[in-house]
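Notes follow once the structure below has been shown.
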Amino acid sequence: MKSYIDINNFHLGKYVSQEYLDKYSSTWFFFDKEDILESKNIFDSHKKVYSFLWEYSDDNYSIKIDEWKRAFKRNNIQIPSDINLYTRDCLFPRRKIYLDIIETDLTLSDELFKNVNIHNCGKHLAQLIVKENVNFSDLNFNFLDRIDSKDRFIEFIKILDLEDVCSIVLNGYHHRGELIKIIIHRKSNDIVNQSDMLLLDIFENTYVSKAFSWESE
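For what it's worth, this note's numbering labels the leading residue of the sequence shown as 2, then goes sequentially.
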């Protein structure tokens, strides 16, 4: 397992203006499928996770079954009955989007998503690491109203302006086969040693999902 800081903001520079590049950076973890990347080894224990998973509606199902299966059921992720589950339906010109959001601690999040990566539903997964005092109602979901996927992603990144929102976690892969976790965070919130910098030649051979990028698929 290797970790780097994208100190020159090669990745975020494709999306946000200099104003935000001055505030945000990203840390990248490269690992094999057999590796176990635990959130508790990255973030302190006094954090919780909001996990966002989305799926398209499916005309092959009846409307009732389609609305019941939604995102987590569609990907066979079993959600405990005692955790907070929130749902949003996003109406898009081609299809309805089912967005499911769960609130968990770091340990349960790792357990639920241990088999999720960019090669399966991980490309539709985005996670917010927040302080324990953050409630679902504190989060602004106006970014979901954006039609363009790039605009939607940019507005989602700006949620880091909230003081108690710590990081955004996305999935990706390197073309040599490694999986990637990319953590977008404020520059003041170091995740790994500043000397571990992401080199351009490594960065150019990667793919990272954009959160909430439904019309681009």
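Just so it is clear, CB atoms sit at the ideal spot from N, CA and C, and this is done for glycine as well.
**Study point:** Whether E133 touches H47 by CB criterion (8 Å)
**Key:** Yes.
**Study point:** Proximity winner among D111, L163, L200 and H176, relative to N42 (alpha-carbon distances)
**Key:** Checked all of D111, L163, L200 and H176; the closest Cα to N42 is D111.
Practice item. Per DSSP, which residues does H186 bridge with? Please list them. Key: Beta-bridge pairing links H186 to S26 and S168.
Point to revise | Own chain, CB closer than 6 Å to Y99, minus 5 neighbours either side, in chain order | key: So the qualifying residues of the chain are E56, R71 and A72.
Check your understanding: DSSP beta-bridge partners for S52?
Key -> Within the DSSP bridge table, the entry for S52 names I103 and Q128 as partners.
Check your understanding: How many Å lie between I192 and D33 at the Cα?
Key -> 20 Å
Review point. Near W1, what residues of its chain come up, given a Cβ to Cβ distance below 7 Å and the 5 sequence neighbours on each side ignored?
Key: Here the chain has residues from 2 to 218 only, and residue 1 is not among them.
Exercise for review: Give the secondary structure of G173 by DSSP, where H, G and I count as helix, E and B as strand, and everything else as coil.
Suggested key: strand
Review point. Buried or exposed: where does S1 fall if 16 or more other Cβ atoms within 10 Å of its Cβ makes it buried?
Key: In the structure as shown, the chain begins at 2 and stops at 218. Residue 1 is therefore absent and cannot be evaluated.
Point to revise | Alpha carbon of K65 to alpha carbon of Q19, nearest angstrom | key: Each residue's alpha carbon lies about 46 Å from the other.
**Study point:** Proximity winner among P94, E156, R75 and N141, relative to N1 (alpha-carbon distances)
**Key:** Residue 1 lies beyond the range of the chain shown here (2 to 218); nothing can be said about it.
**Study point:** Through-space distance from I119 to R177, alpha-carbon basis
**Key:** 14 Å
Exercise for review: For R95, count neighbouring C-beta atoms within 10 Å of its own C-beta (all shown protein chains included) and say buried if the count is 16 or more, exposed if not.
Suggested key: exposed
Review point. Using a Cβ-Cβ cut-off of 7 Å (strictly less than) and excluding sequence neighbours within five positions of K188, which residues of its own chain qualify?
Key: Excluding sequence positions up to five before and after K188, its CB lies within less than 7 Å of the CB of K24, Y25 and S26, all in the same chain and listed in chain order.
Point to revise | Same chain only: Cβ atoms within 6 Å of R89, ignoring 5 sequence neighbours per side | key: L100
Check your understanding: What alpha helix (DSSP H) runs, 4 residues minimum, are completely inside the segment 47 to 93?
Key -> 64 to 70
**Study point:** Where K115 falls: helix, strand or coil (DSSP)
**Key:** K115 falls in the coil class under three-state DSSP.
Point to revise | Those residues which DSSP pairs with K3 across a bridge | key: F31
Exercise for review: On a CA-only basis, which of D67, G14, T105 and H186 is nearest I84? Give me that one, please.
Suggested key: Of the candidates D67, G14, T105 and H186, the one whose C-alpha sits nearest the C-alpha of I84 is T105.
Practice item. Under 8 Å by Cβ, that's how I've got F154 and Y21 pegged, so tell me the actual separation to the nearest angstrom. Key: About 12 Å separates the two Cβ atoms, so there is no contact after all.
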